[in-house]
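Enquirer: So that we are looking at the same thing, I have put the structure below in structure tokens.
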Amino acid sequence: METPSRELGISRESGKNIPTVINQNFVTLLDTRTVPGELKWAASPAEGGWEEVSIMDEKNIPIRTYQVCNVLEPNQNNWLRTDWIPRSGAQRVYVEVKFTLRDCNSLPGVTGTCKETFNLYYHESNDDRESYIKESSFIKVDTVAADESFTQVDVGDRIMKLNTEVRDVKVTTRKGFYLAFQDVGACIALVSVRVFFKTCPLTIRNLATFPDTVTGADTSSLVEVRGSCVNQSEERDEPKMYCGADGEWLVPIGGCLCTPGYEEKGGACKACSVGFYKAKSSDAGCSKCPPHSHSLRDGATECDCNSGFFRADSDPPSMACTQPPSAPLQLISVVNETSVVLEWAPPRRLGGRSDISYSLECLICQTGSHSHSQLCLPCGSDVLFSPGQTRLKTTRVVVRELRAHTHYTFIVHARNGVSQASGAGPAQSVSVTVTTNQAAPSPVSSIQATDVTRHSLLLLWQQPDRPNGVILEYEVKFYEKDHKERSYRIIRTFSRNVDVTGLNPLTAYVFHVRARTAAGYGEFSAPFEFSTNSDPFPLIGEGVNSAFLLLSVSGVGILLLISAAVFIISRRRSKYSKTRQDSEEEKHLNPGVKIYVDPFTYEDPDQAIHEFAKEIDVSSIHIERVIGMGEFGEVCSGRLRVQGKREIYVAIKSLKAGYSDKQRRDFLSEASIMGQFDHPNIIRLEGVVTRCKPLMIITEYMENGSLDAFLRKHDGQFTVIQLVGMLRGIASGMKYLSDMSYVHRDLAARNILVNSNLVCKVSDFGLSRVLEDDPEAVYTAREATGTYLSPGGKIPIRWTAPEAIAYRKFTTASDVWSYGIVMWEVVSYGERPYWDMNNQDVIKAIEEGYRLPAPMDCPVVLHQLMLDCWERERAERPTFSQILNMLDKLIRNPGTLRRTGGDRPAPTMLESGMASEVCVSVVPEVCVQEWSVCEWLQSIGLERYTDTLAAAGYTSLDSLLALTHQ
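Numbering (UniProt numbering), first residue to last: 1 to 966.
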């Protein structure tokens, strides 16, 4: 047999076709072709097995190989182990083996002992301490076979049969590992062994740097890597990439943006050059400075304005620098008595802006002791400017209520957005001086009557606040109150008093007074009412008979007491028994009243929406932010700008995508309902968008949101009068709805909206439809919302009248019950009605006669009105018209609101002239609920008559009906 090198086909020429693998994604741990000197790997057995042989490669560079060719002897077990290889963080390594193999068929006499394969093993270890091969500790990787083998003829013809095989090994438990090659009877030569692992190389993507990253342990694993923003950049979204098992980066996620003043160039952030700027990270790149501005350094975030030019705080950096306007032009004035009309033309130079406005300064000027000096003072607050004095967009102003024969100077200032900028200087202005003409005097403001007798009285008054000249005479017009102005008399006088005679006794007269100057008569004063006496003695002034005065007062007191008692007891028996009948009669007697039309009576919902609501072009709507979620979709706030009208803030309800036909009909029906209403206490519909998606309902914007949340936010911060004012607004809106024969069915504080002026408006008309009967449905508690699912829809149990819950009888009277609950919510500052009681307990308690108690510090009169609204019989509840009248009287007489449930009656109510009206006309029930005569007299301030009435045998309220005037 030939020498081993000849047997294995190794020669200088044989390696010339060995392929070279170059890849930036590889990190080599071992390459036998680059090891200088001998390898000296461990072999077992030490003799007769693997043999290290030095050969020359194609470049005449010596390389070390291992060969074995024991093919004649059976049961070969020859091991060759590499030195310890540190894994250097690798989790999976690749072993590339280049070898040659002799074809067994080309060797005579080796049948049964020659093999054409060898085995590859590995063993992990933390250090290089193993001096011998322990076969049992190694783990087999694979059996390697040759794709190409050679014969003796091949060697002679110098035909190379070099095999290259690559196997991968997972190494993660130790710091390093050994490789081993087992020969079981082949004629083989290991030409080279290369061990490497794969990495994803350092790269920059989306302005984020991703470092060299070792691939994962498994061939399918991905390693998540977080990138770092390059210099002068900031994160837009967290930059991430995944390193694949093949050493390739996958598609990046997120990235960075160059900071203001820098732009992306070649994967880095470069500073904006002089004359350019970048204001925000999100801007695409550096922009050239806008007109009249400049930047003098690299990396500018905005451009500075040139001298004489300015930028307002609200101007974006991309806007050109501008100038204040020049003065207005052609100021002219037209004097009409004590009024002046001022008109002017816009400035010749607007400064490059469109936000110009004007303000008007008014001065009263008097010439000083020296003819060339003037003393000018601001006009008083009584001077009226129409449409206003500041922030004017118009070039015409009417000034009224000036003094007659007075010199005025008016200065018109022009301003725009940069007029207040530092260095801009004072606003440019133009002025004019005028002198007002003579004018008629202003009305007389106060009239008094003295020395009142059966047929005469003395009338006195003060000079008008603005005489506007010398008063030449006064004119007094008077007539009997019952006759209106059908027949009147006039008296003229030069003084500020007149003795009016020839009057009828016990008659009310109405008096008006006006003054005259050389300019003519002024307007008549407001009406003043005085009554003549039934007695020849005067009631007021000197000579009054004190005994008679005491008798008269006592008589009037008794008369009031009797009238009050009769009215109260009769009211106690009748109460509101004709509430519904009166309401129906009013509707039949007023056929011109507008009646609500149910949009569900239309076969086509689009016909109803186009009849009652205005279509708005979607381009007129600018949505700014989401303020809530409605039943059908998002609720946003924004602005509406209709051609020819000023821009207003609005609320925008949209119908979410994927709606059904029923949802569309229900959504548009609310707009069809709102579109029929026009009242200051009903939410106003601006219009709808139905010709494109999403469908929208546009209403006025209520800054303070729902009433219940607003009250909870401002707990205890309002006066009782303010709370009553809110209730008055709600009642006014509900009276309007009831007059239209409309039943709301879901009146609650959550469905009342409040604007910035504390005006309350009724909204949410989603439950106002006619309910369908469904005998299969049952009541289901919904504690979170306080509603039940009834046979026709949801019912808000805590706010709903008993007959509506039990029999679905929804009427204006059931709305009155709900209004009583709203009153309780308002006075308690948004507390939940019936607190934590569940709905079934609420229904049961109401049926048993329970009613909500008065909230803390609630005036008695308000709680009594609540109780009237919660009468079991709906015919006994007040109408909204009656409720509105009661609240108006309470507002006019705020003293009635001072008494709460824990207070004693105020003893001075009669002296204030309010007791009879309060008890008789406002809350008669408060005076008669199981009270004694003494308690009732105390409530109206007449407790001094207690002993007199008791001595006469009047011990009960019913017995007072027998009282006579005598």
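Every residue gets a Cβ at the ideal spot worked out from N, C-alpha and C, and that includes glycine.
Identify every residue that forms a DSSP beta bridge with HIS413.
Expert: Answer is SER359 and SER429.
Enquirer: Taking the beta carbon of THR517 as the centre, do at least 16 other beta carbons fall within 10 Å, making it buried, or is it exposed?
Expert: So THR517 ends up on the buried side.
Enquirer: Between the alpha carbons of GLY244 and LYS134, how many angstroms are there, rounded?
Expert: For GLY244 and LYS134, the distance between alpha carbons rounds to 36 Å.
Enquirer: Taking buried to mean at least 16 other C-beta atoms within 10 Å of its own C-beta, is THR82 buried or exposed?
Expert: With 16 or more other Cβ atoms within 10 Å, it is buried.
Enquirer: What number of angstroms, rounded off, separates the C-alpha of THR450 from the C-alpha of VAL500?
Expert: So the alpha carbons of these two residues sit roughly 11 Å apart.
Enquirer: Note down the Cα distance separating CYS858 from ASN885, rounded to an integer number of angstroms.
Expert: The straight-line gap from Cα to Cα measures roughly 19 Å.
Enquirer: Using the C-alpha atoms, what's the distance from VAL166 back to GLU248?
Expert: When rounded, the distance between both Cα atoms is 19 Å.
Enquirer: For LEU179, which of LYS140, GLY185, VAL759 and PHE197 has the nearest alpha-carbon?
Expert: Taking only the C-alpha atoms, the option nearest LEU179 is LYS140.
Enquirer: Just to confirm the assignment: which complete beta strand (DSSP E) runs, minimum length 3, are found wholly within the region 303-367?
Expert: Within the region 303-367, the complete beta strand (DSSP E) runs of at least 3 residues are 329-336, 339-345 and 357-367.
Enquirer: Just list the alpha helix (DSSP H) runs in the region 647-677, keeping only unbroken ones of 4 residues or longer that don't cross its boundaries, in chain order.
Expert: Runs found: 661-674.
Enquirer: Is GLN448 helix, strand or coil when you go by DSSP?
Expert: Strand at GLN448.
Enquirer: For my contact list, THR164 and VAL144 are in at a C-beta cut-off of 8 Å; report their separation, rounded to the angstrom.
Expert: Contact doesn't hold; Cβ gap of about 11 Å is too wide.
Enquirer: Can you have a look at PHE177 and say buried or exposed, based on whether 16 or more other CB atoms are within 10 angstroms of its CB?
Expert: PHE177 comes out buried.
Enquirer: Would you decide whether GLY675 is buried or exposed? Buried here means 16 or more other CB atoms lie within 10 Å of its CB.
Expert: Label assigned to GLY675: buried.
Enquirer: Could you round the C-beta distance between ILE648 and LEU640 to whole angstroms and report it? I think they count as a contact, below 8 Å.
Expert: Indeed, because the Cβ distance is near 6 Å, the residues count as touching under 8 Å.
Enquirer: To the nearest angstrom, how far is the alpha carbon of LEU30 from that of SER106?
Expert: Using only the alpha carbons, I get a separation of about 34 Å.
Enquirer: Could you check what DSSP says for MET856 in three-state terms: helix, strand or coil?
Expert: It is coil, neither helix nor strand.
Enquirer: Quick one: grab the DSSP three-state call for GLU135.
Expert: If DSSP states are grouped into helix, strand and coil, GLU135 belongs with the helices.
Enquirer: Going by C-alpha distance, which of LEU707, VAL816, GLU873 and SER818 is nearest TYR829?
Expert: Comparing Cα positions, the closest option is LEU707.
Enquirer: Tell me which residue opens and which closes the beta strand (DSSP E) that THR65 is part of.
Expert: Note, THR65: beta strand (DSSP E), 62-69.
Enquirer: What residues are listed by DSSP as bridge partners for ARG489?
Expert: Beta-bridge pairing links ARG489 to PHE478.
Enquirer: According to DSSP, is PHE600 part of a helix, a strand, or is it coil?
Expert: In this structure, PHE600 counts as helix in the three-state DSSP scheme.
Enquirer: Nearest-angstrom Cα distance between residue 983 and SER756?
Expert: Residue numbering for the chain in the displayed model covers 1 to 966; residue 983 lies beyond these limits and cannot be assessed.
Enquirer: Could you name the residues of the same chain whose beta carbon sits closer than 6 Å to that of CYS286, not counting the 5 residues immediately before and after it, in chain order?
Expert: The residues are GLU263, CYS272, PHE276 and LYS278.
Enquirer: Determine the closest residue to ILE188 out of PRO211, GLY89 and ASN78, with distance taken between C-alpha atoms.
Expert: Answer by Cα proximity: ASN78.
Enquirer: Quickly, what does DSSP pair ARG92 with across the bridge? List them, please.
Expert: LYS170.
Enquirer: In whole angstroms, give me the CA-to-CA distance for LEU190 and ASN119.
Expert: Near 12 Å, if we compare the C-alpha coordinates of ASN119 and LEU190.
Enquirer: Please classify ILE616: does DSSP put it in a helix, a strand, or coil?
Expert: Note: ILE616 maps to coil in three-state DSSP.
Enquirer: I'd like to know whether the C-beta atoms of GLY705 and VAL754 end up nearer to each other than 9 Å.
Expert: Taking 9 Å as the Cβ cut-off, GLY705 and VAL754 qualify as a contacting pair.
Enquirer: Tell me which residues share the same chain as GLN428 and place their Cβ nearer than 6 Å to its Cβ, disregarding the 5 neighbours each side in the sequence.
Expert: The answer, listed in chain order, is SER326, ALA327 and ALA414.
Enquirer: Is the region 605-613 touching the region 662-669 in the sense that three or more CB pairs, one from each, lie closer than 8 Å?
Expert: These segments touch.
Enquirer: If you count every other CB in all the chains shown that lies within 10 Å of the CB of PHE632, and 16 or more means buried, which is it?
Expert: Label assigned to PHE632: buried.
Enquirer: Can you give the beta carbon distance from VAL444 to PRO467, rounded, assuming they're within the 8 Å contact cut?
Expert: In fact, because the Cβ distance is near 10 Å, the residues do not count as touching under 8 Å.
Enquirer: Can you give, in chain order, each stretch of the beta strand (DSSP E) that sits fully within the region 666-751 and has at least 3 residues?
Expert: For the region 666-751, whole beta strand (DSSP E) runs of length 3 or above, ordered along the chain, are 685-689 and 696-700.
Enquirer: Quickly, what does DSSP pair GLN182 with across the bridge? List them, please.
Expert: DSSP output for GLN182 lists TRP79 and ASN119 as bridge partner(s).
Enquirer: Is CYS200 helix, strand or coil when you go by DSSP?
Expert: Reduced to three states, the DSSP call for CYS200 is strand.
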